[in-house]
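J.: For the protein sequence lines, the chains are B and Z, in the order given.
Here the first sequence is numbered in my numbering, starting from 377 and rising by one per residue.
Here the second sequence is numbered in my numbering, starting from -17 and rising by one per residue.
Note that beta-carbon positions come from the ideal geometry of N, C-alpha and C, so glycine has one too.
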Amino acid sequence: MRLVERYVLSYALAIVVSGLLLMVMGIREIEIYYAVYLIEFLMSLELVASFRRSFGRDLRPIIMVFLFGFAYTVAQRILQILS
Amino acid sequence: MREKEVLQVQQTGPTRLGAVVCPSCGARRLHAGMLHCDQCGKRIPDSINKLEHPEVVEPREESHLIRKAARLAETVPSRRSSDVAGPSARVAGLSDNTAKSQPGTIARGQDMHHASVDVPSSMLGGRQRVLGVSLVAFGILIAVVSVVVGAASLSGLGLASFLIGLLLVYLHSRPSFAPELVEASLLSSLGNVERILRELGPTTKAIYLKTIDRLDVPMVFLPLEENPAPPSGLNLSGEDRLLVIDSGDSHRTGLLLEAPGASLLALMEKELDLSFIDLGNDDFLNAIRSGMVESLEVAADVKGAFTQDGVSFRIRDGPLRNMARSIARLVPNVASRLGCPICSVAICAAVKAIKRDLILEGATHQAGVHSVTLRFSGGSTDEAS
Chain B
377 MRLVERYVLS YALAIVVSGL LLMVMGIREI EIYYAVYLIE FLMSLELVAS
427 FRRSFGRDLR PIIMVFLFGF AYTVAQRILQ ILS
Chain Z
-17 MREKEVLQVQ QTGPTRLGAV VCPSCGARRL HAGMLHCDQC GKRIPDSINK
33 LEHPEVVEPR EESHLIRKAA RLAETVPSRR SSDVAGPSAR VAGLSDNTAK
83 SQPGTIARGQ DMHHASVDVP SSMLGGRQRV LGVSLVAFGI LIAVVSVVVG
133 AASLSGLGLA SFLIGLLLVY LHSRPSFAPE LVEASLLSSL GNVERILREL
183 GPTTKAIYLK TIDRLDVPMV FLPLEENPAP PSGLNLSGED RLLVIDSGDS
233 HRTGLLLEAP GASLLALMEK ELDLSFIDLG NDDFLNAIRS GMVESLEVAA
283 DVKGAFTQDG VSFRIRDGPL RNMARSIARL VPNVASRLGC PICSVAICAA
333 VKAIKRDLIL EGATHQAGVH SVTLRFSGGS TDEAS
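Given below as structure tokens:
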């Protein structure tokens, strides 16, 4: 199995398992799911990028999108606290 | 339905129906077998005269590359020139075994099914995109349902599905290249090296020269004179010539070539973010393995071992097995005496890590396995340390 395929499969497995776990724990905030998925994404990417540096560079747009989403949820939470 | 196709696969020089093009002046001759050109008077190389002409092949039905060539033959049945069959036919026959003595010749024939082994990659890519879009749609659907039903925890799974789908679609949108394309772009240049080796005809063993700096390009020296005990260091680092002639020392006269795997090694070092010159004897075997198997994915497995007087590698072919097979058949001198690009990567990495000249004792390519044996130039391992 190719490195990319292994990466996608392992990430998919990780987020499905963690998603189910969070569901069982009764977590209802989507921001928490998002943050967990983002952490898993970055962790798995770092593991794969140790073998292939260009892979990390190629996925940079996706990382930016994920971080933008994360920044949005953080900003929303701050506004919620301030109001 | 099986049908017989006549593929007209040609290269510069020979044309169909026994005609030959003079490599010097381009004049077309009426029939092969003549030794000298009518126009310029120069000698026609034997290699051109010996080339076989149209050959009947039986394509497998599932090979779309062969069907493409067949379609091309149907659409241009009346054209006879050498460039009619063109790129399609050339690509179709890359893994052939019929042109053993013709390094530049594009092969065709019985091994056409090799190309079809890797062809479904585009189909897999299509499936990957469909899967990705489906997962994105499923994720959005789940998120909407969770909002409508009021089951907030479901939206977590919807988000997961959405993200995986997005990743699949994005990864698919990146360009990927078929192994056949790599093979096609490599064979011509290796064919030229093969011709140089054949014309000059040295029977000596190639010496991979040590690199001093991390930015040095690994070079390989092929002495023109037999030397059973070459010196431990040839000191050719300052040379930038193809043909090195040293009147004072005949052992330093020979061909100085860039190693076939030098560029691949540079890419491997870039991907691994390390330089083999910094690695010790113990670490570099693991680094070669992870570089060739995980990073570049040019091999399925790499096993290396230190012996008393050298290093040996056993490399199992990965996605580029057809390329390796074609190289072993079409450019046998390059494959056995300099090493194919895949073998050469491992040799270059070893030279860089060990920091000694290595003599390539032998490189064999059989049944998807490359076996490379290297000997330290001028002494054993103990002397090195």
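Can you list, in chain order, the residues of its chain whose CB lies under 7 Å from that of Z:Ile146, leaving out five sequence neighbours each side?
T.: Correct list, in chain order: Leu117.
J.: What's the gap between the Cα of Z:Leu278 and the Cα of B:Ser430?
T.: When rounded, the distance between both Cα atoms is 11 Å.
J.: With Z:Thr289 as the anchor, note down where its alpha helix (DSSP H) starts and where it stops.
T.: Per DSSP, Z:Thr289 belongs to no alpha helix (DSSP H) and is neither H nor E.
J.: Z:Asp255 versus chain B: which residues are under 7 Å apart at the beta carbon?
T.: Going along chain B in sequence order, the residues near Z:Asp255 (Cβ under 7 Å) are Arg429.
J.: By the three-class DSSP mapping on this structure, what secondary structure does Z:Ile297 have?
T.: Three-state DSSP puts Z:Ile297 in a strand.
J.: Could you tell me whether the Cβ atoms of Z:Ala241 and Z:Val202 are closer together than 8 Å?
T.: In this structure, Z:Val202 lies closer than 8 Å to Z:Ala241 by Cβ.
J.: Report the neighbours of B:Ala388 on chain Z: residues whose CB is nearer than 7 Å to its CB, in chain order.
T.: Ile146, listed in chain order.
J.: If you compare alpha carbons, which of Z:Pro314, Z:Cys322 and Z:Ser171 is closest to Z:Leu371?
T.: Since the first residue of chain Z shown is -17 and the last is 367, residue 371 of chain Z is not available in this structure.
J.: Give me the chain Z residues within the contact set of B:Tyr410, using Cβ-Cβ distance strictly less than 7 Å, ordered along the chain.
T.: Per Cβ cutoff of 7 Å: Leu141.
J.: Any C-beta of chain B sitting closer than 8 Å to the C-beta of Z:Ala134?
T.: Yes, Z:Ala134 counts as interfacial toward chain B.
J.: Does DSSP classify Z:Ile409 as helix, strand or coil?
T.: Absent from the model: residue 409 of chain Z. The displayed extent of chain Z is -17 to 367, so no value can be given.
J.: Suppose you measure from the CA of Z:Gly286 to the CA of Z:Val293; what does that come to, to the nearest Å?
T.: Roughly 7 Å between the two C-alpha positions.
J.: Between B:Ile460 and chain Z, is there a C-beta pair that is closer than 8 Å?
T.: Residue 460 of chain B lies beyond the range of chain B shown here (377 to 459); nothing can be said about it.
J.: Note the first and the last residue of the continuous alpha helix (DSSP H) segment covering Z:Pro205.
T.: Per DSSP, Z:Pro205 belongs to no alpha helix (DSSP H); it is in the beta strand (DSSP E), Met201 to Pro205.
J.: With a cut-off of 8 Å, do at least 3 Cβ pairs link the region 306 to 324 of chain Z to the region 253 to 267 of chain Z?
T.: Touching, no.
J.: Counting beta carbon pairs with one atom in the region 193 to 200 of chain Z and one in the region 344 to 352 of chain Z, are three or more of them shorter than 8 Å?
T.: Counting Cβ pairs under 8 Å, fewer than three are found: no touch.
J.: Three or more C-beta pairs under 8 Å: does that hold for the region 391 to 407 of chain B against the region 427 to 442 of chain B?
T.: No: fewer than three Cβ pairs fall under 8 Å.
J.: Who are the near neighbours of Z:Ser137 in its chain, counting only those whose CB is closer than 8 Å to its CB and skipping five residues on each side?
T.: Excluding positions up to five away in sequence, the list reads Ile124, Ala125, Ser128 and Val129.
J.: On a CA-only basis, which of Z:Leu206, Z:Leu148 and Z:Asn174 is nearest Z:Val313? Give me that one, please.
T.: Ranking the options by Cα distance to Z:Val313, first place goes to Z:Asn174.
J.: Please tell me whether B:Val450 has its Cβ less than 8 Å away from any Cβ of chain Z.
T.: No, B:Val450 does not count as interfacial toward chain Z.
J.: Could you round the C-beta distance between Z:Lys187 and Z:Ile297 to whole angstroms and report it? I think they count as a contact, below 8 Å.
T.: 19 Å between Cβ atoms; not a contact.
J.: Please report the distance separating the alpha-carbon of B:Val400 from that of Z:Ser245.
T.: For B:Val400 and Z:Ser245, the distance between alpha carbons rounds to 52 Å.
J.: Compute the Euclidean distance between the alpha carbons of Z:Gly108 and Z:Ser308, then round it to the nearest angstrom.
T.: When rounded, the distance between both Cα atoms is 28 Å.
J.: Using the DSSP secondary-structure output, state which residues sit across from Z:Gly173 in a beta bridge.
T.: Per DSSP, none; premise fails for Z:Gly173.
J.: Would you give the residue range spanned by the beta strand (DSSP E) that Z:Arg271 belongs to?
T.: From DSSP, Z:Arg271 is part of no beta strand (DSSP E) but of the alpha helix (DSSP H) over Phe266 to Arg271.
J.: Interface residues of chain Z around B:Gly395 at Cβ under 7 Å?
T.: Those are Gly138, Leu139 and Ala142, listed as they occur along chain Z.
J.: For B:Ala388, which beta-bridge partners are listed by DSSP?
T.: None, per the DSSP bridge assignment.
J.: Using a C-beta to C-beta distance shorter than 7 Å, which residues of chain B count as neighbours of Z:Tyr152?
T.: Ordered by position in chain B, the residues that pass the 7 Å Cβ test against Z:Tyr152 are Ile438.
J.: Tell me the DSSP secondary structure of Z:Gly114 in three-state form.
T.: Residue state, collapsed to three classes: helix.
J.: Going by the CB atoms, is the gap between Z:Gly273 and Z:Leu302 shorter than 8 Å?
T.: Not in contact: Z:Leu302 and Z:Gly273 (Cβ atoms no closer than 8 Å).
J.: Would the beta-carbon of B:Ser426 fall within 8 Å of that of B:Val412?
T.: Taking 8 Å as the Cβ cut-off, B:Ser426 and B:Val412 do not qualify as a contacting pair.
J.: If we cut at 8 Å on Cβ distances, does Z:Val252 have a partner in chain B?
T.: Note that residue 252 of chain Z corresponds to Lys in the displayed sequence, not to Val. Judged by the 8 Å Cβ criterion, Z:Lys252 is in contact with chain B.
J.: Which bits of chain B does Z:Glu276 rub up against, with CB to CB less than 8 Å?
T.: Result: Leu379, Phe427 and Arg428.
J.: With DSSP run on the structure shown, which of helix, strand or coil describes B:Ile403?
T.: If DSSP states are grouped into helix, strand and coil, B:Ile403 belongs with coil.
J.: Does the Cβ of Z:Asn304 have 16 or more other Cβ atoms within 10 Å, making it buried, or fewer, making it exposed?
T.: By the 10 Å Cβ count, Z:Asn304 comes out buried.
J.: Give me the chain B residues within the contact set of Z:Leu342, using Cβ-Cβ distance strictly less than 8 Å, ordered along the chain.
T.: In chain order: nothing, as chain B lies at least about 28 Å away.
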